[in-house]
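Mapping the sequence shown onto the numbering used here, position 123 (from 1) lands on 849, and the numbers just tick up by one. The C-beta atom is built at its ideal place from N, Cα and C for all residues, glycine as well. Structure first, commentary second.
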Amino acid sequence: MQMSRKDKKEEQQAQNLKSSEMEEWEPASPKGQEAGNMNIDQTESATCDEREDTSKEQTTFSQEDLKKLKDQASKSEEYFDRLQRQVAEADNLRKRLSKEKQEAIRYANETLIEQLLPTMDSFEMAVNATQNSNENSIESLKIGIEMVRTQLKRALEEVGLSEIDAVGKVFDPSCHEAVSRHQTSEFKEGEVVEQIRKGYQLHDKLLRPASVVVAVPVESSEEKSER
Numbered sequence: 727m728q729m730s731r732k733d734k735k736e737e738q739q740a741q742n743l744k745s746s747e748m749e750e751w752e753p754a755s756p757k758g759q760e761a762g763n764m765n766i767d768q769t770e771s772a773t774c775d776e777r778e779d780t781s782k783e784q785t786t787f788s789q790e791d792l793k794k795l796k797d798q799a800s801k802s803e804e805y806f807d808r809l810q811r812q813v814a815e816a817d818n819l820r821k822r823l824s825k826e827k828q829e830a831i832r833y834a835n836e837t838l839i840e841q842l843l844p845t846m847d848s849f850e851m852a853v854n855a856t857q858n859s860n861e862n863s864i865e866s867l868k869i870g871i872e873m874v875r876t877q878l879k880r881a882l883e884e885v886g887l888s889e890i891d892a893v894g895k896v897f898d899p900s901c902h903e904a905v906s907r908h909q910t911s912e913f914k915e916g917e918v919v920e921q922i923r924k925g926y927q928l929h930d931k932l933l934r935p936a937s938v939v940v941a942v943p944v945e946s947s948e949e950k951s952e953r
């Protein structure tokens, strides 16, 4: 049975297509494979070199950074030691000042008491004098009391205490306390006629105002009659 021209033509086309597919699938030659492998090796080698360079750079930077950190740590330790010493010194100073303050409060009146001791001695002498039953005992007591007053006044003046001078002065509400008024022509109106109780001040600070009697004008007979 003979094939027609059409069948032959189709068979020829099928063979050509098969041959074309076989050519496309044909494996690469050994030279091509070797060239490809060389390219891969070169790429990997370059990558490794870059990694080594980067690692060296990172190692160098880390060493420098470590040195800086060590220097900073050393300075920090030095500053911390200084701070600890300053804190300890401040704490010792605080304790010393607190102790000195307590002692100052406790012995604040030491000087005054020492100055009052002679006054106590004079009191003892005056009391002992009254025990003698003779005619001079009263006079001795008077002298002893006067001595005590003088010594006490001197001791208080040495620590800054002073009396407020009131009699004959114009009434001053900042240091005088009026307890009464007295009609008189011997003093001007508003002047202190009499001091009932002495006032005292410590340096410039008022401790107690003086209790005084203030002068007022004498009423005339007409004013009395009108009243």
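LYS796 sits in a helix when the DSSP states are folded into three classes.
Rounded to the nearest whole angstrom, the CA to CA distance from MET873 to ALA834 is 26 Å.
For VAL939, the enclosing beta strand (DSSP E) stretches over residues 936–942. Assignment of TYR805 by DSSP, reduced to helix, strand and coil, places it in the helix class.
The residues PHE897, VAL938, VAL940, in chain order, have a CB closer than 7 Å to that of ALA904 in the same chain once the five nearest residues on each side in sequence are set aside.
Counting along the chain, HIS902 sits inside the beta strand (DSSP E) bounded by residues 902–909. In this structure GLN909 is in contact with VAL944, their Cβ atoms being roughly 5 Å apart against a cut-off of 8 Å. By the neighbour-count definition (other C-beta atoms within 10 Å, threshold 16), THR845 is a buried residue. Annotation: ARG934 to TYR926 spans about 5 Å, alpha carbon to alpha carbon. Boundaries of the beta strand (DSSP E) around TYR926: 926–928. For the pair GLN789 and LYS796, the Cα-to-Cα distance works out to about 10 Å.
The residue among GLY894, GLY886, LYS914, LYS895 with its C-alpha nearest the C-alpha of LEU932 is GLY886. Minimum Cα-Cα distance from LEU842 among the listed residues LYS924, ALA799, ALA881 corresponds to ALA881. VAL919 counts as buried, since at least 16 other C-beta atoms from the protein chains shown sit within 10 angstroms of its C-beta. The closest CA to that of SER911, considering only GLU865, GLY894, ALA936, is found on GLY894.
In the DSSP assignment, VAL893 forms no beta bridge with any residue. Per the coordinates, the alpha-carbon of GLN812 lies some 10 Å from the alpha-carbon of ASN818. Distance between VAL942 and SER888, taken at the CA atoms: about 28 Å. For VAL885, no beta strand (DSSP E) encloses it, and the DSSP letter there is neither H nor E. In this chain, the beta strand (DSSP E) harbouring GLU920 covers 918–923.
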